[in-house]
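Asks: 214 is the number that the UniProt record's numbering gives to position 214 of the sequence shown; each next residue is one higher, with no gaps. Pasting in a structure now, in structure tokens, and then I'll have a few things to ask.
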Amino acid sequence: MAARDLQERIKKLIVDRRLPSGAPLPTEPELMEYLGASRNSVREALKALQAMGIVEIRHGFGTYVGSMSFAPMIEGLAFRTVAGHYRGEDSLLQLLELREAVETGLVSRLAGRLPEADLVELNALVDRMEQEAAEGTGLAETDRAFHATLYRGLDNVLLSEVLEAFWDAFHRVQRDLVDVPQDPRVTCRQHREILDAVRSGDSLRAEEAIRDHFGNIRTRLSTTGASEPPEPHARRNERV
1 MAARDLQERI KKLIVDRRLP SGAPLPTEPE LMEYLGASRN SVREALKALQ AMGIVEIRHG
61 FGTYVGSMSF APMIEGLAFR TVAGHYRGED SLLQLLELRE AVETGLVSRL AGRLPEADLV
121 ELNALVDRME QEAAEGTGLA ETDRAFHATL YRGLDNVLLS EVLEAFWDAF HRVQRDLVDV
181 PQDPRVTCRQ HREILDAVRS GDSLRAEEAI RDHFGNIRTR LSTTGASEPP EPHARRNERV
């Protein structure tokens, strides 16, 4: 039986039995009998599924349903973007455009609909960004928290995880490939505008604020580049 077929049958088993993350899978001999496959074939299929985060192999204990994380997706996006960049492609800009398209399409749904508690939290985050900008410290984590809190209002866990995946992939690649110049005051102003637009209930203004924010990032990326692979362990911690 083809390796892909075995993987699909194991995934179907997880779905059919409604097994949650952390639940034990049948033992290796049980899987061999259920699948009608050899020990080596079953092990190879499980290894492939582990690489996708679908199962977790705990040596000496057994195999369990995995966390279903987006880590493999992030790794794939990051690698593809780096490889494309050194082939002369605009892969970093393409990844940015993907994130922009998702956020622009969602922000209008939030306009005028966020609960007061979320608005208060978003306001506090922008205040913190402005303080960090004045002190000359990085805005990375506060910026990330702003976007996560903003789209939390959609009450869609899967969507939040996808946005986090786009964020992680883009910023991992961005900090490795290019040193993007940033005026923290502009970043703060743009996030304040996004918040004000959402609070006011003006969906068109909210979309425009998001486009303005991403347009600024795109302009900076378009004027910056890297011609050689980054030095090992070189990291930059600024986000946009």
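Glycine is no exception: its CB is placed at the ideal position from the N, C-alpha and C atoms.
Within a Cβ cutoff of 8 Å, which residues of the same chain sit near residue 248, ignoring the five residues on either side of it in sequence?
Replies: Only positions 1 to 240 of the chain appear in the structure, and residue 248 is not among them; the question remains open.
Asks: Rounded to the nearest angstrom, what separates P26 and L158 at their Cα positions?
Replies: So the alpha carbons of these two residues sit roughly 28 Å apart.
Asks: Going straight from the alpha carbon of F79 to that of L93, what length do you get?
Replies: So the two alpha carbons sit approximately 14 Å from each other.
Asks: With a threshold of 7 Å on Cβ separation, who are the neighbours of S23 within its own chain once the five nearest residues in sequence on each side are excluded?
Replies: A small fix is needed here, since residue 23 is Ala in this sequence, not Ser. Contacts found: Y64, V65.
Asks: Since G62 is in the alpha helix (DSSP H), which residue starts that stretch and which ends it?
Replies: That residue, G62, is in no alpha helix (DSSP H); its beta strand (DSSP E) goes 62-65.
Asks: Looking at R152 and W167, is the spacing between their C-beta atoms short of 8 Å?
Replies: No, these two residues do not count as a Cβ contact at 8 Å.
Asks: Let me know the secondary structure DSSP gives P72 once reduced to three states.
Replies: Note: P72 maps to helix in three-state DSSP.
Asks: How should F61 be labelled, buried or exposed, when 16 other C-beta atoms within 10 angstroms of its C-beta is the threshold for buried?
Replies: Exposed, by the Cβ-count rule.
Asks: Should E30 and R39 be called a contact, given that it needs their Cβ atoms to be closer than 8 Å?
Replies: No, the pair does not count as a contact, with Cβ atoms beyond the cut-off.
Asks: So, do the segment 86-102 and the segment 182-197 have three or more beta carbon pairs nearer to each other than 8 Å?
Replies: Touching, no.
Asks: Could you name the residues of the same chain whose beta carbon sits closer than 7 Å to that of A45, not counting the 5 residues immediately before and after it, in chain order?
Replies: Result list for A45: A3, L6, Q7, I10, in chain order.
Asks: Starting from the C-beta of H213, find all residues in its chain whose C-beta is less than 7 Å away, skip the five residues before and the five after it, and write them out in chain order.
Replies: If we look at H213 and ignore the five residues flanking it on each side, its Cβ neighbours are Q190, I194.
Asks: When DSSP labels each residue in this structure, what does R17 get in the three-state scheme?
Replies: In the structure shown, R17 sits in coil (DSSP, three-state: anything other than H, G, I, E or B).
Asks: Once the 5 residues before and after Y115 are set aside, which same chain residues still bring their CB inside 8 Å of it?
Replies: It should be noted that the sequence gives Pro, not Tyr, for residue 115. G153, listed in sequence order.
Asks: Where do the N-terminal and C-terminal ends of the alpha helix (DSSP H) with residue 241 fall, by residue?
Replies: The structure shown does not extend to residue 241, since the chain is modelled only from 1 to 240, so the question has no answer here.
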